[in-house]
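K.L.:
Using full-length UniProt numbering, the letters of the sequence shown correspond one by one to residues 1 to 411.
Idealized CB from N, CA, C, for every residue including glycine.
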Amino acid sequence: MFNYLSKKELELIDKYFEQYIEFTQYKQNSFRYIEKTGNKKLDKLFNRWNTKIKETDNSIKQDIKLIGELVLTTDKLSQGIFMCRIKSTTNNPMISTLANTINQMLDSLEKNMEQLESTLKSYANDDFRINIKIDEILKSRMLSVMQSINHLGISLNNNAKENLKNGDSLKEKTTNMNKLMNSLAKEANIQASSLEEISASVEDITSIARNNVKSALQMVELGKDVKNSVLNGQDLAQKTVYSMEEIDNKVKAINSAITIIDQISFQTNILSLNAAVEAATAGEAGKGFAVVAQEVRNLANKSADAAKEIKTLVEDANIKASEGKNISETMIEDYNKLNNIISETIKIIEDVNKTSQEQVLGMEQINSNISLLDKTTQENAEKSNLTLKFTKEIEKLSNSLVESANNKKFI
């Protein structure tokens with residue numbers, strides 16, 4: 001082809017090929033073409049080479065552009081953006097195959113991610129009826145992820161069904177419990193109110209019992225006073241008997257004295273009669289003596305009359321004294337009976353007092369127990385009301401759970 005090439009032309013060809021190697025090895029970005037050397041044949045050769053190198057340059061630029069898109073696409077992919085694709089083309093079959101493979105991979109990834117996103121959104125919206133349709137070509141990690149999502153959906157579906165079942169059961173039980181707690185709280189309040197009334201009544205009874213004890217003590221004291229008065233009356237009646245007996249003795253002595261006075265009056269009267277007879281016998285000398293004898297007789301008669309009156313009065317006094325003695329003896333017997341009755345009454349009152357004191361102690365113990373029971377009942381009523389409040393909150397929660405479970409869609 002060439003008859004002769006100068007050294008300069010050979011050096012130019014050498015530099016051309018060195019530049020070509022640097023260019024094809026991406027050590028330089030542009031190529032300096034040689035179009036005219038002064039040698040037509042060499043110029044024709046360089047023109048042919050230039051054409052090929054330009055084609056190569058275009059192919060390299062296509063490859064670089066495609067690889068640039070590939071880099072940008074993988075960068076987007078690393079950010080979770082799956083909609084990007086490599087749109088540039090190249091005549092390089094290897095790079096073109098790589099681009100197509102990457103685009104197919106992105107198509108598959110986007111399809112799978114769309115399924116994942118749609119399914120998870122459905123789960124987030126409480127719809128657990130959807131499952132991912134897994135492509136048979138999927139392997140390893142992506143397959144595991146999709147299977148896990150499907151297992152999650154099954155688990156959420158079962159949980160939703162179980163939650164609805166449990167919610168319905170809880171709602172039914174809390175409704176029944178609410179009714180029972182309403183009834184219990186009502187009964188506890190009624191019981192507390194009744195206990196308050198009972199406590200007040202017991203307190204009143206205890207107060208009455210205490211007053212009874214005080215009254216019984218007062219009655220005992222009064223009974224003792226009455227007994228002392230009876231004993232004093234009995235003593236006075238006994239003294240009266242003794243006085244009546246002494247009066248009787250004195251009356252007997254007076255009767256004896258009256259009898260003697262009566263006898264003396266009788267004898268004096270006889271003596272005055274004898275003296276009158278003697279005075280009459282003496283005549284004129286005995287007249288003065290007769291007058292004296294008459295006066296003595298008159299005095300004797302008056303003494304006899306006075307003695308009779310005194311005797312009559314003494315006999316009356318003796319009768320009255322006897323009656324007084326009998327009355328006093330009757331009074332002593334009545335006082336003895338009254339004393340026995342009062343003693344028995346005092347004993348009964350003391351027994352009543354003792355029983356009343358025991359009753360007060362018992363009532364105080366009952367009152368204490370009722371107070372404790374009332375306190376416990378009040379606490380139970382408060383707890384019942386608090387439990388009722390909690391039950392209503394649980395009922396609201398169960399209703400919320402059932403409503404939430406009903407809003408979920410499951411198979």
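Let's see if you can read the secondary structure: which residues bound the alpha helix (DSSP H) around residue 35?
P.N.:
If you number the sequence shown from 1, residue 35 lands on position 35. Premise fails: residue 35 is in no alpha helix (DSSP H) and is neither H nor E.
K.L.:
Which word fits residue 316, buried or exposed, when buried means at least 16 other C-beta atoms lie within 10 angstroms of its C-beta?
P.N.:
Taking the sequence shown and counting its residues from 1, the one referred to as residue 316 is at position 316. Answer is exposed; the Cβ neighbour count stays below 16.
K.L.:
In three-state terms, what does DSSP make of residue 409?
P.N.:
Here residue 409 refers to the residue found at position 409 when the sequence shown is read from its first residue. In the structure shown, residue 409 sits in a strand (DSSP, three-state: E or B).
K.L.:
How is residue 127 classed by DSSP in three states: helix, strand or coil?
P.N.:
Along the sequence shown, read from residue 1 onward, the residue named residue 127 stands at position 127. Residue 127 falls in the strand class under three-state DSSP.
K.L.:
So is residue 128 buried or exposed if we call it buried at 16+ other beta carbons inside 10 Å?
P.N.:
The residue given as residue 128 occupies position 128 in the sequence shown. Label assigned to residue 128: buried.
K.L.:
Leaving out the 5 sequence neighbours to the left and right, which residues in its chain are closer than 7 Å to residue 352 when beta-carbon positions are compared?
P.N.:
Reading the sequence shown from its first residue, position 352 is the one you call residue 352. Closer than 7 Å at the Cβ level, and outside the excluded window around residue 352, lie 216.
K.L.:
Let me know the secondary structure DSSP gives residue 88 once reduced to three states.
P.N.:
As a working mapping, residue 88 is identified with position 88 in the sequence shown. In the structure shown, residue 88 sits in coil (DSSP, three-state: anything other than H, G, I, E or B).
K.L.:
Give the single residue among 257, 328, 179, 313 whose Cα lies nearest to the Cα of residue 389.
P.N.:
Position 389 of the sequence shown, counted from the start, is the residue given in the question as residue 389. Considering only alpha carbons, the answer is 179.
K.L.:
Would you grab the beta carbon distance between residue 98 and residue 149 for me? Rounded to a whole angstrom, and I think it's under 8 Å.
P.N.:
Indexing the sequence shown from 1 puts residue 98 at position 98. Indexing the sequence shown from 1 puts residue 149 at position 149. Incorrect: roughly 30 Å between the Cβ atoms, too far for contact.
K.L.:
For the alpha helix (DSSP H) that contains residue 10, what are its first and last residues?
P.N.:
Counted from its first residue, the sequence shown places residue 10 at position 10. It spans 7–24 - the alpha helix (DSSP H) in which residue 10 sits, taken as one unbroken run.
K.L.:
What separation, rounded to the nearest whole angstrom, lies between the Cα atoms of residue 72 and residue 46?
P.N.:
As a working mapping, residue 72 is identified with position 72 in the sequence shown. As a working mapping, residue 46 is identified with position 46 in the sequence shown. When rounded, the distance between both Cα atoms is 37 Å.
K.L.:
Spell out a yes or no on whether the stretch 319–329 and the stretch 236–246 are touching, meaning 3 or more CB-CB pairs, one atom from each, closer than 8 Å.
P.N.:
Short answer: they touch.
K.L.:
Can you grab the Cα-Cα spacing for the pair residue 297 / residue 323, in whole Å?
P.N.:
Working through the sequence shown from its first residue, we reach residue 297 at position 297. Working through the sequence shown from its first residue, we reach residue 323 at position 323. Taking the straight line joining both Cα atoms gives about 38 Å.
K.L.:
Measuring only the C-alpha atoms, how far is residue 312 from residue 243?
P.N.:
Working through the sequence shown from its first residue, we reach residue 312 at position 312. Working through the sequence shown from its first residue, we reach residue 243 at position 243. Taking the straight line joining both Cα atoms gives about 21 Å.
K.L.:
Distance check for residue 333 and residue 367, CA to CA, integer angstroms please.
P.N.:
Here the question's residue 367 lines up with position 367 in the sequence shown. Here the question's residue 333 lines up with position 333 in the sequence shown. Those two C-alpha atoms are separated by around 49 Å.
K.L.:
Measure from the alpha carbon of residue 344 to the alpha carbon of each residue in 220, 356, 276, 386, then state which is nearest.
P.N.:
Position 344 of the sequence shown, counted from the first residue, corresponds to residue 344. Nearest of 220, 356, 276, 386 to residue 344, Cα basis: 220.
K.L.:
Going by C-alpha distance, which of 335, 11, 36, 396 is nearest residue 228?
P.N.:
Along the sequence shown, one-based indexing puts residue 228 at 228. With distances taken between Cα atoms, residue 228 lies closest to 335.
K.L.:
Going by CA-CA distance only, name the one from 20, 61, 172, 385 that's closest to residue 397.
P.N.:
One-based indexing of the sequence shown puts residue 397 at position 397. If we check each option's Cα against that of residue 397, 172 comes out closest.
K.L.:
Indicate whether residue 35 and residue 43 have their beta-carbon atoms separated by less than 8 Å.
P.N.:
In the sequence shown, the residue the question calls residue 35 occupies position 35. In the sequence shown, the residue the question calls residue 43 occupies position 43. Yes, these two residues count as a Cβ contact at 8 Å.
K.L.:
On the three-pair Cβ rule with 8 Å, is the stretch 357–377 touching the stretch 191–205?
P.N.:
Yes, the stretch 357–377 is in contact with the stretch 191–205.
K.L.:
Quick one: Cα of residue 261 to Cα of residue 253, how far?
P.N.:
In the sequence shown, counting from the first residue as 1, residue 261 sits at position 261. In the sequence shown, counting from the first residue as 1, residue 253 sits at position 253. Cα to Cα, the separation comes out at about 12 Å.
K.L.:
I want to know whether the stretch 60–70 touches the stretch 96–110 - three or more CB-CB distances under 8 Å.
P.N.:
The stretch 60–70 is in contact with the stretch 96–110.
K.L.:
Are the CB atoms of residue 265 and residue 303 within a distance shorter than 8 Å?
P.N.:
If you number the sequence shown from 1, residue 303 lands on position 303. If you number the sequence shown from 1, residue 265 lands on position 265. Yes, the Cβ-Cβ distance between residue 303 and residue 265 is below 8 Å.
K.L.:
In chain order, what residues of the same chain have a beta carbon less than 8 Å from the beta carbon of residue 143, not counting five sequence neighbours either side?
P.N.:
Along the sequence shown, one-based indexing puts residue 143 at 143. The residues are 134.
K.L.:
Beta carbon of residue 395, beta carbon of residue 175: below 8 Å?
P.N.:
Numbered from 1 along the sequence shown, position 395 holds the residue referred to as residue 395. Numbered from 1 along the sequence shown, position 175 holds the residue referred to as residue 175. Taking 8 Å as the Cβ cut-off, residue 395 and residue 175 qualify as a contacting pair.
K.L.:
Whose C-beta lies closer than 7 Å to the C-beta of residue 321 among residues of the same chain, with five residues either side of it excluded?
P.N.:
Counting from one through the sequence shown, the residue named residue 321 turns up at place 321. Result list for residue 321: 244, 247, 248, 251, in chain order.
K.L.:
Figure out for me which residue from 276, 132, 86 has the closest Cα to the Cα of residue 154.
P.N.:
On the sequence shown, position 154 is the one that residue 154 refers to. If we check each option's Cα against that of residue 154, 132 comes out closest.
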